[in-house]
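Below: one structure, written as structure tokens.
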């Protein structure tokens with residue numbers, strides 16, 4: 003049996019939140035409470051799959067990505083990337099992954115080339131190999147060559163996000179973690195990034211874990227989707243399988259929004275509003 | 006690819022990145038250089054004015070050299086300390102901490118890269134300040150033991166690398182105020198280590214604290230080399246002690262850093278920016 007790209011077994015993660023609303027007094031402890039981000043989730047992602055995690059803001063999607071990225075440690079349960087435990091063998095995991103997050107984190111005064119060269123060196127790529135590869139990927143993503151050597155602080159959010167995508171692919175990860183990679187992008191940039199993900203999937207031996215709250219994006223890009231709400235997976239199937247759970251209403255085809263409403267008893271907007279209040 | 010080559014590329018990533026940061030923030034570097042230079046000049050002019058202040062005949066040349074040696078050595082050691090202690094703070098300021106911590110680079114490699122940069126940067130900066138300061142004061146280092154000076158400086162660097170690692174855990178633990186806390190550590194070292202005055206002028210309890218600061222021995226040894234021309238052989242016990250203490254502090258720093266990094270990952274502190 004082939005080793006799965008990603009296995010999560012009863013993974014739980016909670017954060018301690020301090021209550022700072024009350025009056026602070028000397029010798030009195032600040033009130034603390036556990037905020038559960040993931041509730042003992044189980045999932046398996048096969049090699050070569052594009053696996054979507056769909057959920058509202060604050061549902062636990064980014065926590066899952068951070069756990070796989072070795073940036074967080076689980077409270078309990080096990081998480082393995084191609085058989086390597088993220089907690090006990092993090093260096094092996096790090097060599098296999100890369101991540102594109104919703105906020106393109108760069109040295110903003112550096113140019114795209116300088117930022118990508120830094121990434122290449124961190125991942126052990128020789129400069130002679132990295133330089134042509136980064137140019138090819140950035141051009142493929144629609145970035146103009148004259149922007150390659152200018153500080154990133156002068157680039158639009160969409161362009162910065164494309165550089166982030168280029169950085170993610172530069173090191174040829176076999177598990178690519180895309181944490182809401184198209185959030186906040188204009189429709190044109192969004193299409194460019196989505197087309198590139200499809201192309202990578204068709205031409206490379208890469209597995210993609212994609213988190214999004216864009217229902218159409220999940221529907222179009224993913225082989226399977228896990229719907230996550232309040233830290234728990236409420237359904238996991240192919241897009242067609244999930245839509246099959248809900249009969250069409252008023253003659254209209256079922257959408258992922260209908261699926262979410264049926265499974266959680268609330269709309270996506272209501273779920274997001276609840277998470278913000280919490 | 007061999008593991009060693011990969012780790013060396015990783016270490017070089019930090020050297021190149023920090024050099025690029027200096028190039029991009031050159032205006033800030035210039036301001037910082039002027040600040041350090043004027044500080045060194047102001048302190049050294051105290052020596053020039055000692056006779057006028059006390060109304061007594063004083064060997065001004067000796068006092069000026071004494072103060073200048075302290076100012077320059079502190080300049081070098083503090084650059085090493087800050088360059089290493091800010092390795093986390095920089096990532097927080099730029100918002101890149103998650104990307105760097107996710108990269109397949111071990112923490113010792115991260116540290117080697119940061120240290121190589123820190124030593125190179127410290128040497129260049131201190132030489133630049135020295136080059137300007139000698140235009141203001143007459144320095145007579147004819148009888149100085151320069152080999153011993155370099156040896157002492159290198160031995161002292163090891164300890165300051167360790168102290169830098171220990172201080173670097175502060176921005177990891179306290180995202181908002183950790184970087185400022187490192188200033189307090191540097192200020193305490195400056196107070197107790199006899200940078201501008203003999204340690205013996207401190208109260209007894211502070212003298213006992215000074216004995217635990219590696220900077221006390223580096224500065225004392227450097228003055229012995231530069232002002233008294235002490236031989237290298239005489240200095241060797243201090244040099245070996247400093248190297249031994251330095252490696253012990255580095256090991257302690259790495260152990261504490263590893264523990265704090267796990268705590269930061271457990272509590273989600275890598276996410277928040279300062």
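Chains as they are written, first to last, in the working numbering: chain A, 3 to 280; chain B, 6 to 279. Don't be surprised by glycine CBs; every beta carbon is placed ideally from N, CA and C.
Residue burial classification, residue i (beta-carbon count within 10 angstroms, cutoff 16)
i, result
"residue 163 of chain A", "buried"
"residue 261 of chain A", "buried"
"residue 165 of chain A", "buried"
"residue 243 of chain A", "exposed"
"residue 131 of chain A", "exposed"
"residue 196 of chain A", "buried"
"residue 3 of chain A", "exposed"
"residue 130 of chain B", "buried"
"residue 64 of chain B", "exposed"
"residue 115 of chain B", "buried"
"residue 72 of chain A", "buried"
"residue 160 of chain B", "buried"
CB contact flag (residue i, residue j, <8 Å)
i, j, result
"residue 74 of chain A", "residue 270 of chain B", "yes"
"residue 155 of chain A", "residue 111 of chain A", "yes"
"residue 169 of chain B", "residue 17 of chain A", "no"
"residue 46 of chain A", "residue 9 of chain A", "yes"
"residue 225 of chain B", "residue 199 of chain B", "yes"
"residue 30 of chain B", "residue 118 of chain B", "no"
"residue 236 of chain A", "residue 212 of chain A", "no"
"residue 214 of chain A", "residue 177 of chain A", "no"
"residue 117 of chain A", "residue 108 of chain A", "yes"
"residue 151 of chain B", "residue 227 of chain B", "no"
"residue 122 of chain A", "residue 172 of chain A", "yes"
"residue 15 of chain A", "residue 34 of chain A", "no"
"residue 40 of chain A", "residue 65 of chain A", "yes"
"residue 258 of chain A", "residue 217 of chain A", "yes"
"residue 108 of chain B", "residue 143 of chain A", "no"
"residue 183 of chain B", "residue 94 of chain B", "yes"
Chain A within 8 Å of residue i, Cβ atoms only
i, result
"residue 110 of chain B", "yes"
"residue 181 of chain B", "no"
"residue 91 of chain B", "no"
"residue 263 of chain B", "no"
"residue 120 of chain B", "no"
"residue 104 of chain B", "yes"
"residue 35 of chain B", "no"
"residue 279 of chain B", "Annotation note: pLDDT 39 at residue 279 of chain B (below 50); position unreliable, no value reported."
"residue 97 of chain B", "no"
"residue 14 of chain B", "yes"
"residue 25 of chain B", "yes"
"residue 18 of chain B", "yes"
"residue 32 of chain B", "no"
"residue 275 of chain B", "yes"
Below-8 Å beta-carbon distance, residue i vs any chain B residue
i, result
"residue 88 of chain A", "no"
"residue 278 of chain A", "Note that residue 278 of chain A has pLDDT 48, beneath the 50 cutoff, so the model's placement of it is unreliable and no number is given."
"residue 198 of chain A", "no"
"residue 126 of chain A", "yes"
"residue 71 of chain A", "yes"
"residue 102 of chain A", "no"
"residue 18 of chain A", "yes"
"residue 111 of chain A", "yes"
"residue 108 of chain A", "yes"
"residue 145 of chain A", "no"
"residue 131 of chain A", "no"
"residue 282 of chain A", "Since the first and last residues shown for chain A are 3 and 280, residue 282 of chain A lies out of range."
"residue 75 of chain A", "yes"
"residue 116 of chain A", "yes"
"residue 178 of chain A", "no"
DSSP-derived helix/strand/coil call for residue i
i, result
"residue 251 of chain A", "strand"
"residue 140 of chain B", "coil"
"residue 144 of chain A", "coil"
"residue 205 of chain B", "helix"
"residue 181 of chain A", "strand"
"residue 63 of chain B", "coil"
"residue 17 of chain A", "strand"
"residue 216 of chain A", "coil"
"residue 1 of chain A", "Any answer about residue 1 of chain A is impossible in this case: the structure gives chain A only from 3 up to 280."
"residue 106 of chain B", "helix"
"residue 280 of chain A", "Because the pLDDT at residue 280 of chain A is just 43, under 50, the model does not fix this residue reliably, and the point stays unresolved."
"residue 122 of chain B", "helix"
"residue 12 of chain A", "strand"
"residue 146 of chain B", "coil"
"residue 43 of chain B", "helix"
Query raised in the report: Residue ranges of each alpha helix (DSSP H) run of no fewer than 4 residues wholly in the segment 76-113 of chain A, ordered along the chain?
Result: 92-98
Query raised in the report: Whole alpha helix (DSSP H) runs in the segment 153-241 of chain B with 4 or more residues, listed along the chain?
Result: 183-197, 209-215 and 219-233
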